[in-house]
Amino acid sequence: MNVTSQNYLLTLNNQQKEAVMHNDGPLLILAGAGSGKTKVLTSRVVHLIETQKCFASQILCVTFTNKAANEMRDRILKSLSAKSSSLPWLGTFHSISNKILRKHAEAVGLKSSFTILDTLDQLRLIKNIIEAENIDIKKISPKLVASFIDDWKNKGLTPNEIKINNSNYITDTSLKIYTIYQNRLKIMNCVDFGDLILHCVTIFKKFPDILGIYHANFKYILVDEYQDTNFIQNIWLNFLSSKNNNLCCVGDDDQSIYSWRGAEVKNILNFDKINKNTKVIKLEQNYRSTQNILDTASFLISHNEDRLGKKLWSENSKGSLVEINCYNNGYDEAVAIADEIEKNLSKKTSLNQIAILVRAAFQTREFEDRFIKINLPYRVVGGLKFYERSEIKDAIAYLRIVYQQSDDLAFERIINTPKRSIGEATLKEIHNISKTSNLNLEQASIVYCEQENEKNKTIINLKKIITNFQIWRQLSNQTSHYELMEKVLDESGYTTMLLNERTPEAEAKLENLKELIISMKNYENLQGFLENISLQTSAEEEWLGEKINLMTIHAAKGLEFDVIFLPGWEEGLFPHQRSIDEKGHIAIEEERRLAYVAITRSKKELFISFVNNRRIFANKKDKEIDWMPTLPSRFIEELPKENINIKNNFNNYKEQDFDFNQDQLIQQPTRSPGWQRYQKAKNNNVILTKKISYSNNKTNFKVGEGVIHEDFGQGKVIHIEDNKLIIIFKKYGEKKIIDKFIKKINE
DNA sequence: TAACAACGCTTTTTT
DNA sequence: AGCGTTGTTA
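Residue numbers (the numbering used here): 265 to 1011.
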């Protein structure tokens, strides 16, 4: 080994170096935010290859997102001295499972050509089953069933392994649907996301010889974002690592933000207990953020009880204080943030280094509107998923049915798009034939056509499209997949349909289809394209050009920017009411971790803001705007005051008597709700958002005590922090309220 | 019976 | 604001 080949070691600190050079045996790296986690992982892979511990093809490296996988691949390949290496087993849990499952599909009763259903396909299938089984859709929604099925799969449970404890209509019906759902998937030769992992585990369990192949191949296993693995993913890992025991996991319990998807923090908390002789290395030096940002994040996360605890430190400069802003409404907030970017930041910072991170995807809209208006370029990251657009899904559905006749979901999707007079009633007939004669929908359609009057318009159209399927199927063996796509779009009438619409939307769709055809050229053939498309969340994300980044906090995980804006820190939005309702305390801790992730994305400057009135959605009918008066997020109060600077924009408006009339875009005949709220607050002495209290007063309320609140009615105290009470109200669920607005119930 | 228009209900986070 | 469901028309 020569010296130059060890360049990757030069810039590492001692802990990082120890992690990179660790030889065999289980290794757990607890890596705080910004501590060089990716660098350690990539360096370790490079180290293993350069020191000839194994070949590149013998390393299994698992990430959660394609983005992370791509970045890691780039970085590793750049550092390797032998440029010819490739990393065939670097990818997401799902993409690697896909690869494994294609090789051994028969072992679980599938054909290697199986199709991967996305969430929308999944919902459609569930809905079909609900209809076919005559279950009342009003009693149980497909979404709910889907979440049950996902939960079960995340726990590694197949339908016959499930034992329902507290049996009720919802769980029983969901289980019944789950059973049918799995059968339908098998018949259609389809899998969903959960199946990719679960089928692999089933294979590992049932076929030791197959598992042996992977034991022999995977000398080292590395896992990124380990805190977000769920039960079944962990089992998956344990199977694969059980022979060599060279499992290296990197994670941060404070950044666990996917429990709603089944992630179990206990995987990381118990790692060293389950894997004997685990070496644990903590990376606690932060290289990313300024002191102020880091302190803010650390102080906030210290409010969580359930954590391993790390002491992040940094040699970086103090930097500027974290700015806290308060605005009247979401529109003002968007205007102010756009102004800040336009006037102050765009001169010294690249727009690419600025990001606005939101709790919920819909929040980006207000910013988009503003940016369009003042002509600031932006990109929404992860927002509009290319392959989930309806026209793209339609196009792919055509290819799916051509590729695989059994794909009933694809058949149903496009059989009447464009319109061919094949309506609901016809489809129902076809379904009946399919069910009684055990045929797929295409075969059933042929039977149906023979039964019916051949002069019927519907029958003529149906015959025609099925003939087309057959012609295209022939053609798919002779022409390239992208030429086939072009032909299918033209001959099916899809292109004509869009052309006839003559709307800007239709034109955009045509453009997207062109883009699809171009991107198809990246795949070798039809099979390669269809096998991978469902796992590809976005077409080559457009990171080109100078643009402001808009995304959800979840999507920002693993990324960093010079300047971060965090709007919408309001109770109900962040922390999100729905998560509070569903899981209470545990959810608050997860929301807090989410806030921690958000803050720690920032390298230099951080702006947090909240508004007094959040617009929910516009009601078209009476053109009134629905407003929700909001309180600042409890997380605002949990920030360390010596690191933040509260800029009170609220006061400016108060001097103008808090009148919203200068707000030109929202013209309202009456006083705005914000004004009304202000008046009410003034009279009732209710908490005003401008007064952010840091008092440490102790309260004389007790946990468990019954209380009453003017607006929220009766409730019970379930948690106390200083003078702030968390109360479950009978009607409004959990809220956090300062004690002086609460009365004891018997007073 | 299919296509089109009007109504109305919902919005967390994702491979 | 966008989609699915329901109601109306051809």
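Built from N, CA and C at the ideal position, the CB exists for glycine as well.
In chain order, what residues of the same chain lie with their CB nearer than 8 Å to the CB of residue i, ignoring the 5 residues before and after it?
| i | result |
| --- | --- |
| Q279 | I545, K546, L547, E548, Q549 |
| E606 | I638, L640 |
| I724 | E718 |
| K811 | L615, N616, P641, Y642, R643 |
| F635 | A602, P641, Y642, I812 |
| A689 | none |
| L449 | L381, L389, V455, D456, D459 |
| F471 | H368, A371 |
| F563 | E902, L903, P904, N907 |
Measure from the alpha carbon of residue i to the alpha carbon of each residue in the options, then state which is nearest.
| i | options | result |
| --- | --- | --- |
| N392 | R677, L823, K721 | R677 |
| K821 | D516, K811, I360 | D516 |
| T437 | L870, P423, K450 | P423 |
| E755 | E597, Y662, I697, W416 | Y662 |
| A772 | F412, L576, E597, E655 | E655 |
| R301 | L799, N277, K317 | For the record, residue 301 in the displayed sequence is Lys; it is not Arg. Checking every option, the nearest Cα to that of K301 belongs to N277. |
| E846 | W524, D633, R366, F471 | W524 |
| G458 | N732, K574, G420 | G420 |
| H311 | Y272, Q707, P768 | Y272 |
| F328 | L449, I521, N398, F468 | I521 |
| K347 | K649, V372, I313, E335 | I313 |
| V666 | Y712, I735, A708 | I735 |
| D473 | K530, Q497, L504 | L504 |
| S343 | R856, L753, K470, L274 | L274 |
| F899 | I565, K911, R879, K657 | I565 |
| Y478 | L726, Q322, G979, P682 | Q322 |
| D570 | P352, K507, Q519 | Q519 |
| Q497 | F468, F965, L774 | F468 |
| I499 | M749, L374, F357, I620 | F357 |
| S345 | Q270, A332, L726 | Q270 |
| K341 | K303, K363, G373 | The question names Lys, but residue 341 in the sequence shown is Leu. Checking every option, the nearest Cα to that of L341 belongs to K303. |
Leaving aside the five residues before and after residue i along the sequence, list all residues of the same chain whose C-beta is less than 6 Å from its C-beta, in chain order.
| i | result |
| --- | --- |
| R308 | V284 |
| R339 | T306 |
| V487 | V326, C513 |
| I413 | Y442 |
| A851 | S843, I844 |
| I532 | Y490, Q491, G515, D517 |
| I444 | I393 |
| N568 | E853, R856 |
| Q316 | none |
| V950 | Only weak support exists for where V950 lies, its pLDDT of 33 falling under 50; the value from the coordinates is given anyway. Around V950: no qualifying Cβ. |
| V645 | N813, M815, A819 |
| R598 | First, the amino acid is wrong: residue 598 is Ala here, not Arg. Same-chain partners within the cutoff: E630, F631, R634. |
Which residues share a DSSP beta bridge with residue i?
| i | result |
| --- | --- |
| F825 | S866 |
| G970 | K980 |
| W577 | Q549 |
| N593 | N877 |
| L341 | Partner(s): none; L341 has no beta bridge. |
| G515 | L294 |
| F1033 | This structure leaves residue 1033 out entirely; the chain is present only between 265 and 1011. |
| M285 | According to DSSP, which records beta bridges pairwise, M285 is partnered with nothing at all. |
| T816 | V622 |
| H840 | G836, L837 |
| A527 | N494 |
Only counting the same chain, and skipping five residues up and downstream in sequence, which positions put a Cβ closer than 7 Å to that of residue i?
| i | result |
| --- | --- |
| S350 | A320 |
| K721 | S685 |
| L705 | D672, F675, E676, I694, S698 |
| I426 | W416, L439 |
| N287 | none |
Throw me the rounded Cβ distance for the residue i and residue j pair, which I believe falls under 8 Å.
| i | j | result |
| --- | --- | --- |
| T894 | N909 | Going by Cβ atoms, the distance from T894 to N909 rounds to 22 Å, so no, they are not a contact pair. |
| S361 | N453 | Not a contact, Cβ separation roughly 17 Å. |
| G289 | N534 | Wrong, their Cβ atoms sit about 17 Å apart, outside the cutoff. |
| R366 | E795 | 7 Å |
| F626 | L814 | At roughly 12 Å, the Cβ-Cβ gap does not stay under 8 Å, so F626 and L814 are not in contact. |
| N907 | V586 | 6 Å |
| G573 | R878 | Incorrect: roughly 35 Å between the Cβ atoms, too far for contact. |
**Message:** Contact between the region 570-583 and the region 777-794 is defined here as three or more beta-carbon pairs at a separation below 8 Å; is this criterion met?
**Reply:** no
**Prompt:** Looking at C-beta atoms only, is the number of pairs between the region 828-839 and the region 855-864 that lie closer than 8 Å three or more?
**Reply:** yes
**Inter-stretch contact (C-beta, 8 Å, three-pair minimum) for the region 467-486 and the region 400-410** = no
**Request:** Count the C-beta pairs between the region 756-768 and the region 738-748 that are closer than 8 Å, then say yes if the count reaches three, no if not.
**Result:** no
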